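Student:
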Amino acid sequence: MSKYFSPFVIPFVIGTILLFVFCIWKYIRWYKGFDRLQRAIIKKNILSWKFLPAIWEIVMESLLHRRIFKRNLMLGYMHASIAFGWFLLIVVGFFEAEFGIHGSKPFWVAIFYRFFQHDHNTFTSATVFTQVMDGLLLFVLSGIAIAFVKMIYSRIVGMKKVTKHVIFDRFAKVSLWCIFPFRLLSESVTAAMYHNGGFLTQTIGDILPFANVYVEYTCWLFYSLALGVFFTSMPFSRYMHIFTEPFLIFFRRLGVKEDEQKSGFTMYELSACSRCGICIDACPLNKQLDIKGVQSVYFLRDIRYKMLKDEIADNCLMCSRCASDCPVQLDLMSIRRQMRDKKELDTKNNYRYLDTVRAFNAMDRVVYFAGCMSHLTPGIPEAMEKIFETVGQKYWYMDKEASICCGRPLMQQGFHTQASELRRKNTQLIVQSHARLLVTSCPICYQSFTKEYKLPIKVMHHTEYINMLIKSGKLKLSKDASLKVTYHDPCELGRGCGIYQEPRDVLSSVATLLKIPEEREHSLCCGFNLGNTVIELEQQEKIRNAALENLQTGNPDLICTACPMCKKAFTRATEAKVMDIAELVVKQTEN
Amino acid sequence: MRNLKFGFAISTPRSINLDTADDRMLKELKAAVPSFKRCMNCGACSATCSARQFTDYNIRRIHSLFRQQQYQDLEKELQKCMLCGKCTLVCPRGVNLRSMIMNMRKILTDSKRKNNE
């Protein structure tokens, strides 16, 4: 044992022990914070096949960073070289030490192998290992070099803005960046003295003017110190994501989801954020209004360090544009809602006045729920009524006279009790109507009905419904190929519910659909999303104008959307024609 | 007598006493929602309001009362709001009404709690 001990390993050993103690302590504490439902899901699925895809995803995301590669090659290379390169360095180093030194040995020998084993011909293919280790070190160093350049010129990795880190994170980053140059230096000095280096370390070692035991020892000490400092700071800095992301992927694959309240699972999500800052460029508040410090990266950081201010939690459009770009796929919108919790404002029995609203017996009918916003664009419900009549479908226009809100706007602002009260009332009305299908014109209501309600009947957005009618041949349309249209993906319908194709199918069957630069997952918010209560009208208008500009690429004759709120936002601002899909379909219906 | 409905009622007399008026809450609201001051009392918000279709909930009235620092019963009244956002969307002056309602509720609840303490 003493043969493989030297005082310089102490910082590394202490760092490693602290790292594991803190991590295990945190993970156990967070796991205890899981709520009953989340635990039940884990218990149910822990012994199922679901962990196999989880392992695959952990390799692809935590080590290779596939999603970042898809976004930008250079950025992906940077992350993969540091994560995967370091991982391989540890694994290959472990085997090298296993083969090179027989018998029991302390765990740090693998890390400081060159220092303890000067002979590099202890086993067959030992030289191959030496060369591979040098190659891996070069791989990691190239990543660190890109990270360094990124700090000065971030556009090299395709990022306009990068995260402004807190001091402690910068400190941890510097210690991380020190690890590999020190490793290179110490191995080179050792190689200069004992000729046990590979293509990289030996070459550098040979040109080093100084190489004696004191220099060697100092270099190895600094390498050990850098490791120790980094490991100790890891559980408290953004680098906690390294170990947390695999856990998060695992839980997510088992089926654990965010709840209304902050839970242990939220803690896993918070720590899985690497603060890469990809969400900053995605955020319309940053792009159009230059509002700083509210983006998801800062928001999550503020929660984790318990310094979140209400105005930061409230200043978000909830367009989920950032969530679609997030390489860790964090449930950012749910966490945002959790943090908006209104607690004492969220009172009970506020909507007693709705008790008088009675259900209608709609046994063989479709329930049509226009939604509050559709009442401001009466063209949409009118068009829907015409479509129902054309196909001979009896319907019950549930909120024709007076509309009850679906509850999602309340929920987005953190009024969970009040929202559930509205949900209960609407559910009661829908269930008592005995209808089989609910069609809604508003994506906000649609998302609420599909995700938050537990309705016993099928729910469709009107674009889905119209698409179904066209496919089944019930609705016959005439196509006007000379009519060029662009389609605006509403946040709640597209990124919220994943409905991208149905509206496009409908539009292509009545007109020529043009391609626009930012569409589908990347579509721009119209700015009037109910998620944000902080920004003023003028600021909303700026965001809308950017979305409108995007929609006017290729000079379309008509801008189409599937959300009454987006339609309302656009019609105010432009001379161009803006229509809902339902209205266009009615126009193109063959009589 | 109280149960009889004549179709009209006599409202209780109200007056603003400048000696006792406390504009702290109003100032707080104006700071939180700068667009509060833009209102021209057109009533579009009340006309479109979803809650208004079921009750006598009236945002314009609430706005005026708050501006006149008559906070009685406002807290209870504001709870009727469903926060659907139609009022904000129709407002011709760009008053951020949803924010206004939420902030009013917050300010009123805070002051009530402070008074109780």
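These protein sequences, in sequence, are chains A and B.
In terms of this note's numbering, the first sequence has 78 at position 93, counting the first letter as 1, and numbering is strictly consecutive.
In terms of this note's numbering, the second sequence has -3 at position 6, counting the first letter as 1, and numbering is strictly consecutive.
The C-beta atom is built at its ideal place from N, Cα and C for all residues, glycine as well.
Just so we're clear, the structure is a prediction, and the values are computed from it rather than from any experiment.
(1) Just confirm the distance between the C-beta atoms of residue 30 of chain B and residue 81 of chain B, as a whole number of angstroms; I'd bet it's less than 8 Å.
(2) Taking 8 Å as the threshold, find out whether the region 347 to 360 of chain A comes into contact with the region 43 to 57 of chain B through three or more Cβ pairs.
(3) To the nearest angstrom, how far is it from the Cα of residue 113 of chain A to the Cα of residue 165 of chain A?
(4) Taking all protein chains shown into account, decide if residue 312 of chain A is buried (16 or more other Cβ within 10 angstroms of its Cβ) or exposed.
(5) What residue range does the beta strand (DSSP E) around residue 382 of chain A cover?
(6) Work out the CA separation of residue 469 of chain A and residue 73 of chain A for me, nearest whole Å.
(7) For residue 444 of chain A, name the three-state secondary structure that DSSP assigns.
(8) With a threshold of 8 Å, are at least 3 pairs of Cβ atoms found where one atom belongs to the region 95 to 107 of chain B and the other to the region 16 to 26 of chain B?
(9) Quick one: list the residues of chain A neighbouring residue 75 of chain B, beta-carbon separation under 7 Å, in chain order.
(10) So, is residue 446 of chain A buried or exposed, given that buried needs 16 or more other C-beta atoms within 10 angstroms?
(11) Leaving aside the five residues before and after residue -8 of chain B along the sequence, list all residues of the same chain whose C-beta is less than 7 Å from its C-beta, in chain order.
(12) Does DSSP put residue 627 of chain A in a helix, a strand or coil?
(13) Determine the extent of the alpha helix (DSSP H) in which residue 299 of chain A is found, giving its start and end residues.
(14) State yes or no: is the beta carbon of residue 27 of chain B nearer than 9 Å to at least one beta carbon in chain A?
(15) Among residues of its own chain, excluding the 5 on either side of residue 239 of chain A, which ones have a beta-carbon nearer than 6 Å to its beta-carbon?
(16) Taking just the CA atoms, how far does residue 317 of chain A sit from residue 328 of chain A?
(17) Taking the C-alpha atoms as reference points, what is the distance between residue 196 of chain A and residue 174 of chain A?
(18) Does the distance from the CB of residue 306 of chain A to the CB of residue 269 of chain A come in under 9 Å?
(19) Applying the criterion that 16 or more other CB atoms from any shown protein chain within 10 Å of the CB defines a buried residue, is residue 418 of chain A buried or exposed?
(20) Based on the DSSP output, what are the partners of residue 114 of chain B in its beta bridges?
(21) Is residue 96 of chain B close to chain C? Criterion is C-beta to C-beta, closer than 9 Å.
(22) So the candidates are A:260, A:81, A:100; which of them puts its Cα closest to the Cα of residue 200 of chain A?
(23) Under 8 Å Cβ-Cβ, which residues of chain B neighbour residue 387 of chain A?
(24) Report yes if the C-beta distance between residue 185 of chain A and residue 169 of chain A is below 9 Å; otherwise report no.
(25) Compute the Euclidean distance between the alpha carbons of residue 452 of chain A and residue 133 of chain A, then round it to the nearest angstrom.
(26) Between residue 561 of chain A and residue 511 of chain A, which are expected to be in contact by the criterion C-beta below 8 Å, what is the C-beta distance as a whole number of angstroms?
(27) List, in chain order, every chain B residue whose beta-carbon is nearer than 7 Å to that of residue 515 of chain A.
(28) Which same chain residues, not among the five before or five after residue 61 of chain B, have their C-beta less than 8 Å away from its C-beta?
(29) To the nearest angstrom, how far is it from the Cα of residue 354 of chain A to the Cα of residue 545 of chain A?
(30) In whole angstroms, what separates the C-alpha of residue 69 of chain A from that of residue 259 of chain A?
(31) Between residue -8 of chain B and chain A, is any beta-carbon pair separated by less than 9 Å?
Tutor: Per the coordinate set shown:
(1) Not really, about 13 Å apart at Cβ, beyond 8 Å.
(2) The region 347 to 360 of chain A is not in contact with the region 43 to 57 of chain B.
(3) Near 21 Å, if we compare the C-alpha coordinates of residue 165 of chain A and residue 113 of chain A.
(4) Buried, by the Cβ-count rule.
(5) Its beta strand (DSSP E) spans residues 380 to 382.
(6) Their Cα atoms are separated by approximately 53 Å.
(7) Residue 444 of chain A falls in the strand class under three-state DSSP.
(8) The region 95 to 107 of chain B is in contact with the region 16 to 26 of chain B.
(9) Within chain A, the residues near residue 75 of chain B are 357, 390, 394.
(10) Label assigned to residue 446 of chain A: buried.
(11) With a pLDDT of only 48 at residue -8 of chain B, under 50, the local geometry of the prediction cannot be trusted, and the value read off the model is given with reservation. There are no such residues.
(12) Beyond the ends of chain A as shown, which are -14 and 576, falls residue 627 of chain A; an answer cannot be given.
(13) For residue 299 of chain A, the enclosing alpha helix (DSSP H) stretches over residues 295 to 299.
(14) Judged by the 9 Å Cβ criterion, residue 27 of chain B is not in contact with chain A.
(15) These residues qualify, in order along the chain: 27, 30, 35.
(16) Cα to Cα, the separation comes out at about 20 Å.
(17) One C-alpha to the other measures close to 6 Å.
(18) Result yes, Cβ atoms of residue 306 of chain A and residue 269 of chain A sit closer than 9 Å.
(19) Residue 418 of chain A should be labelled buried.
(20) Residue 114 of chain B lies beyond the residue range present for chain B, which begins at -8 and ends at 108; the question has no answer from this structure.
(21) As a matter of chain content, chain C is missing from the structure shown, whose protein chains are A and B.
(22) Per the Cα distances, A:100.
(23) Neighbours of residue 387 of chain A on chain B, chain order: 41, 44, 45.
(24) Yes.
(25) Cα to Cα, the separation comes out at about 51 Å.
(26) The C-beta separation of residue 561 of chain A from residue 511 of chain A comes to about 14 Å, leaving the pair out of contact by the 8 Å criterion.
(27) By Cβ distance, chain B contributes 76.
(28) Excluding sequence neighbours, residue 61 of chain B sits near 5, 7.
(29) Spanning the two alpha carbons is a distance of roughly 21 Å.
(30) Spanning the two alpha carbons is a distance of roughly 16 Å.
(31) Because the pLDDT of residue -8 of chain B is 48, which lies under 50, any placement of that residue in the model is unreliable, and the number read from its coordinates should be weighed accordingly. Chain A contact via Cβ: absent.
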